[in-house]
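Numbering (this note's numbering), first residue to last: 28 to 492. Right, one structure below, let's go through it.
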Ligand code: MN
């Protein structure tokens, strides 16, 4: 166990030391609006998901980080999991929580902006996509306490800048924060909150998870970190915050106040106007010295999709594993937003592929297309999955369609959240005797060596990303 509390900065140092290709520093001065989003989208088209560190943003003193949670490999590293073992490790942590460690203070209180100086426009809060209603805090983890039990909650909530001390908030997924506010309103009170921007990725993963209402997400963060998360009290509200957080915006979600919020670029890749139209009034802002501002790339970016799905995916993975011994792995490609899943099985009998697909759509009702592949196909490699569809599947024999099933209401092609599921068996049928072509091992090694030498002489490391 480390003696220094792990935080965002220690994590960035680790990444730069161990895999410098996973962190892209942008030294050029960039305009605030759209830059991080555009760069992340352009890199993702090349299959690259590095953390982005903007050292100079025009008009601001702050360094801006984006895409911190875009790559599964980087996230796996952040929770001490081996490559491709993210789901297993995350699943274990969900049932092995570690209580937080209370501190009297922390570096998060290095600087205090109060009164007139608590001004959101001093922070580099960008616009993302063209149709967004304004600048948005997308990496804001809203910490609050259950008004009845006092249990803590931490959840990502999109926050639109409406004024120097006013944020629009949408609690449209109607989870714990929404429930807290509803109960605070019944008692005629505002809900005190602290918006955490910038923390170790394990804290971000915990905030993205859906734990029980009586479980504090800081305890999941502790499990993911492998040691208790250090927390302290915020300055103007009775809410706990990570002591090593970069920036914390303190305030209240106003009872029974509604103002227009949105629209916003959602994970479907379409504009969404769905909002609960809540208002957050800021009371103070505290910061570390030389604080990083953290941005999450919204829309259907890898980062937004991964964070939105991570806890559910670990849960579904566990259920699949314990129910079907022949299930080995799955992957949700970003091209399918939350709606497509590629499932890998070690097939020993006919019918297993369809069974695996049926269980998957039963466990995750967002999914509308499942492709089941054999063990020799990597579900992370979409070309390989589609090659299996091309060469092992016949539509009249291997496709099953289930009509009138519950799906996700944000799917614009659904009818009020009802749609069809397509289950494709792209495993080798019985009697399949085609032989896959292979290269000799030493020939592959020769090619890898040649490419590695070429990459080092040209100064780029495409393989690192
Ligand atoms: Mn919760």
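Beta carbons are placed, not taken as given, at the ideal position from N, Cα and C, and that holds for glycine.
What residue ranges within the segment 71-102 form continuous beta strand (DSSP E) runs of no fewer than 3 residues, ordered along the chain? 78-84 and 90-93
Close-in-space but distant-in-sequence residues of the same chain around residue 282 (CB under 7 Å, 5 per side omitted): 211, 212, 215, 216 and 217
I'd like to know if the segment 310-317 and the segment 342-354 are in contact, where contact means that at least 3 CB-CB pairs between them fall below 8 Å. no
Can residue 240 be considered in contact with ligand 1, in the sense that its beta carbon sits closer than 7 Å to one or more heavy atoms? yes
According to DSSP, what are the bridge partners of residue 303? None, per the DSSP bridge assignment.
Closer than 7 Å to a non-hydrogen atom of ligand 1 - does that hold for the CB of residue 180? Yes, ligand 1 has a heavy atom inside 7 Å of this Cβ.
For residue 127, the three-state DSSP class (helix, strand or coil): Residue state, collapsed to three classes: coil.
Would you mind stating whether residue 148 and residue 155 have Cβ atoms separated by less than 8 Å? no
Spatial neighbours of residue 51 in its chain, beta-carbon cut-off 6 Å, leaving aside the 5 residues before and after: 77 and 79
Could I get the ranges of all uninterrupted beta strand (DSSP E) runs contained in the segment 159-183, with 3 residues as the minimum, in chain order? 168-172 and 179-183
Between the alpha carbons of residue 374 and residue 466, how many angstroms are there, rounded? 25 Å
Could you name each continuous beta strand (DSSP E) segment of 3 residues or more that falls completely within the segment 338-424, going from the start of the chain to the end? 354-358, 367-372 and 396-400
Along the chain, where does the alpha helix (DSSP H) containing residue 37 start, and where does it finish? 35-45
Using only the alpha-carbon positions, how far apart do residue 203 and residue 247 sit? 16 Å
Using a threshold of 7 Å, is the CB atom of residue 442 nearer than that to any non-hydrogen atom of ligand 1? No, since every heavy atom of ligand 1 falls outside the 7 Å radius drawn around the Cβ of residue 442.
Are there 16 or more other CB atoms within 10 angstroms of the CB of residue 192, so buried, or fewer, so exposed? buried
Closest by C-alpha distance to residue 330, when choosing among 101, 83 and 57: Closest option to residue 330, Cα to Cα, is 101.
Put residue 264 into one of helix, strand or coil per three-state DSSP. coil
Tell me whether residue 490 is buried or exposed, calling it buried when 16 or more other Cβ atoms sit within 10 Å of its Cβ. Note that residue 490 has pLDDT 49, beneath the 50 cutoff, so the model's placement of it is unreliable and the number below is only indicative. So residue 490 ends up on the exposed side.
Closer than 8 Å is the cut-off here; do at least three beta carbon pairs connect the segment 416-435 with the segment 464-480? no
Determine the extent of the alpha helix (DSSP H) in which residue 119 is found, giving its start and end residues. 113-121
Nearest residue (CA-CA) to residue 176, options 350, 207 and 470: 207
Within the present structure, is the beta-carbon of residue 244 separated from the nearest heavy atom of ligand 1 by less than 7 Å? yes
Cβ neighbour criterion (16 or more within 10 Å) applied to residue 85: With fewer than 16 Cβ atoms within 10 Å of its Cβ, residue 85 is classed as exposed.
With a threshold of 8 Å, are at least 3 pairs of Cβ atoms found where one atom belongs to the segment 383-390 and the other to the segment 403-416? no
How long is the line joining the alpha carbons of residue 41 and residue 99, rounded to whole angstroms? Answer to the nearest angstrom: the Cα atoms are 16 Å apart.
With 16 other Cβ atoms within 10 Å as the buried cut-off, status of residue 481: Taking all protein chains in view, the Cβ of residue 481 is surrounded by fewer than 16 other Cβ atoms within 10 Å, so the residue is classified as exposed.
What distance in whole Å lies between the Cβ atoms of residue 271 and residue 167, which are believed to be in contact at a cut-off of 8 Å? Contact flag wrong, Cβ pair sits at about 17 Å.
Below 6 Å CB to CB, which residues in the same chain sit around residue 29 once its five sequence neighbours on both sides are set aside? Unreliable placement is indicated for residue 29, whose pLDDT of 49 sits below 50; the coordinate value is still reported in the next sentence. None.
Below 8 Å between beta carbons: does that hold for residue 398 and residue 323? no
Would you call the CB atoms of residue 171 and residue 228 closer than 8 Å? no
Figure out for me which residue from 310, 103 and 173 has the closest Cα to the Cα of residue 263. 310
Using 7 Å as the cut-off, classify the Cβ of residue 109 as near or not near the heavy atoms of ligand 1, replying yes or no. no
Given 7 Å as the limit, tell me if residue 203 has its C-beta closer than that to any heavy atom belonging to ligand 1. yes
Report, in whole angstroms, the separation of the C-beta atoms of residue 250 and residue 91, which I expect to be a contact under 8 Å. Not quite, the Cβ-Cβ distance comes to about 29 Å (not below 8 Å), so this is no contact.
Please report the straight-line C-alpha distance between residue 426 and residue 449, rounded to a whole angstrom. C-alpha separation (whole angstroms): 7 Å.
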